[in-house]
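Order-wise, the sequence lines are chains A and B.
Going by numbering that gives the first Met the number 0, the first sequence opens with residue 0, and the numbers climb by one from there.
Going by numbering that gives the first Met the number 0, the second sequence opens with residue 0, and the numbers climb by one from there.
2 protein chains.
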Amino acid sequence: MADEATTRWLDEREQAVWREFLVATLMLWERLARELADAGLSMPEYELLVRLSEAPGWQLRMSDLAGGLVSSRSRLTHTIGRMEARGLVERRACPSDKRGVLAAMTEAGYQVLVDAAPTHVTGVREHLFDHLTAEQVDSLGAAMGQVGRHLREA
Amino acid sequence: MADEATTRWLDEREQAVWREFLVATLMLWERLARELADAGLSMPEYELLVRLSEAPGWQLRMSDLAGGLVSSRSRLTHTIGRMEARGLVERRACPSDKRGVLAAMTEAGYQVLVDAAPTHVTGVREHLFDHLTAEQVDSLGAAMGQVGRHLREA
DNA sequence: CGGGAATAGTTGAAATCTAAACGGTCTTGG
DNA sequence: CCAAGACCGTTTAGATTTCAACTATTCCCG
């Protein structure tokens with residue numbers, strides 16, 4: 000695919016940016032996960048509840064949910080299974096497609112989300128946005144938007 | 000910690016940036032991981048070999064390595080164990096501290112790294128840097144640098 | 001010097017994630 | 001209409017990660 004001779008290597012600046020991106024992203028993720036753990040949720044579980052809270056009827060098709068969360072269908076099945084056992088979510092038959100399954104947030108799930116949200120949002124502020132200028136926020140948004148669009152196509 | 004009333008919520012722009020950051024980062028990670036899998040390495044394993052390749056004598060203390068990789072000590076122990084079984088790495092006694100262990104890259108490990116590097120670097124270029132302007136690269140580097148510094152302190 | 005606290009790394013079990021294969025259901029071209 | 005193929009979600013097994021002990025060593029302070 001890419002052989003030694005024709006590879007466009009990263010220059011030192013790019014290497015440094017890439018490493019800082021990797022490291023900061025990992026630390027940020029780990030930190031937010033630790034804070035969320037106090038509320039009894041993992042990052043993916045929190046994002047999942049957020050998606051459902053925004054959906055009409057607090058429910059979404061499994062595969063739409065998986066797509067939005069950048070999760071494999073298999074992983075989502077497991078995650079929903081665990082959350083269903085805790086009563087945060089429930090499965091419903093999909094009226095329009097007998098293959099389909101709807102994941103729906105319960106009232107208990109909504110309560111857990113409401114409890115976790117202030118701490119989580121505060122964490123995102125304190126650990127990310129508070130350290131960025133307005134220009135950096137715009138730049139980050141534009142950059143990640145482009146990267147995301149590219150990866151969604153390919 | 001942060002209660003409902005005093006939380007500084009994210010405005011719509013910030014929410015959008017945060018979500019795009021999360022999603023793009025996950026997609027990027029997943030894509031690079033898939034490409035690296037062809038070379039028989041996971042992302043953490045690749046980064047681990049890179050760190051060792053930069054270290055004097057191709058070796059580092061376990062905890063220094065864990066710190067650099069943003070990995071728990073336990074995870075590193077397991078990862079090194081598996082890589083040692085594959086012959087990519089070996090453990091050595093630490094001369095200065097009898098508690099310590101040095102992780103050292105083998106010649107075979109170096110070969111695997113050299114094989115994987117072109118594909119991986121090309122992926123980082125194609126999926127990240129090729130979509131960023133020079134200004135966005137600078138901005139991203141500065142932003143992640145600040146976030147990283149903050150998280151290292153706290 | 002001595003003992004308590006901190007540090008380094010490992011261990012083993014439980015939780016989570018990945019990967020491949022499977023059973024239903026839909027869809028579409030002929 | 002009806003097979004062939006695509007799609008949906010699940011399942012299972014294996015790999016990886018987390019979490020909480022645990023051992024051994026070093027550090028620190030009286």
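Ideal placement from N, C-alpha and C gives every residue a C-beta, glycine not left out.
- Query: What residue does the alpha helix (DSSP H) around Ala65/A start on, and which one ends it?
  - Reply: Met61 to Leu68
- Message: For Glu19/A and Met104/B, which I take to be in contact (beta-carbon distance under 8 angstroms), what is that distance rounded to the nearest angstrom?
- Response: Going by Cβ atoms, the distance from Glu19/A to Met104/B rounds to 23 angstroms, so no, they are not a contact pair.
- Message: With a threshold of 9 angstroms between beta-carbons, can Pro94/B be considered close to chain A, or not?
- Response: no
- Task: Please report the Cβ distance between Val146/B and His77/A, rounded to the nearest whole angstrom; I am assuming they are in contact, meaning their Cβ atoms lie under 8 angstroms.
- Result: Going by Cβ atoms, the distance from Val146/B to His77/A rounds to 31 angstroms, so no, they are not a contact pair.
- Item | Exposure label - Ala92/A; buried when at least 16 CB within 10 Å | exposed
- Query: From what residue to what residue does the beta strand (DSSP E) around Ala84/A run?
  - Reply: Element bounds for Ala84/A: not the beta strand (DSSP E) but the alpha helix (DSSP H), Arg72 to Ala84.
- Query: Between the stretch 8–22 of chain A and the stretch 48–68 of chain A, do at least 3 Cβ pairs fall closer than 8 angstroms?
  - Reply: no
- Closest residue to Leu9/B among Leu139/A, Glu134/A and Pro117/A (Cα-Cα distance): Pro117/A
- So, does the CB of Pro117/B fall closer than 9 angstroms to a CB anywhere in chain A? yes
- Closer than 7 angstroms by beta-carbon distance: list the chain B residues that pair up with Arg74/A, in chain order. Residues of chain B passing the Cβ test: none, with the nearest at roughly 11 angstroms.
- Message: Out of Trp28/B, Leu35/B and Gln135/B, which one is the CA nearest neighbour of Leu112/B?
- Response: Leu35/B
- Contact set for Ala65/A: own chain, Cβ-Cβ below 6 angstroms, skip 5 residues either direction: Arg72 and Leu75
- Quick one: what does DSSP say Leu101/B is sitting in, helix, strand or coil? strand
- Item | Alpha carbon of Leu119/B to alpha carbon of Leu31/B, nearest angstrom | A small fix is needed here, since residue 119/B is His in this sequence, not Leu. When rounded, the distance between both Cα atoms is 7 angstroms.
- Message: Looking at chain A, is there any beta carbon in it that lies within less than 9 angstroms of the beta carbon of Gly147/B?
- Response: yes
- Query: To which residues does DSSP link Val88/B through a beta bridge?
  - Reply: Met104/B
- Message: If distances are taken between C-alpha atoms only, which option among Thr24/B, Val49/B and Ile79/B comes closest to Arg148/A?
- Response: Thr24/B
- Query: If you draw a straight line from the alpha carbon of Pro43/A to that of Gly108/A, how long is it in whole angstroms?
  - Reply: 14 angstroms
- Message: Within 10 Å of its beta-carbon, does Ser138/B have 16 or more other beta-carbons around it, so buried, or fewer, so exposed?
- Response: buried
- Query: Taking the C-alpha atoms as reference points, what is the distance between Arg90/B and Gly99/B?
  - Reply: 10 angstroms
- Pull up the distance between the alpha-carbon of Phe128/A and that of Gln135/A, whole angstroms please. 9 angstroms
- Check the Cβ of Gln110/A against every Cβ in chain B and list those closer than 7 angstroms, keeping chain order. Chain B residues near Gln110/A: none, gap ~12 angstroms exceeds 7 angstroms.
- Query: Is it right to say Gly122/B is buried, meaning 16 or more other beta carbons lie within 10 angstroms of its own, or is it exposed?
  - Reply: buried
- Burial state of Glu11/A, where buried means 16 or more other Cβ atoms lie within 10 Å: exposed
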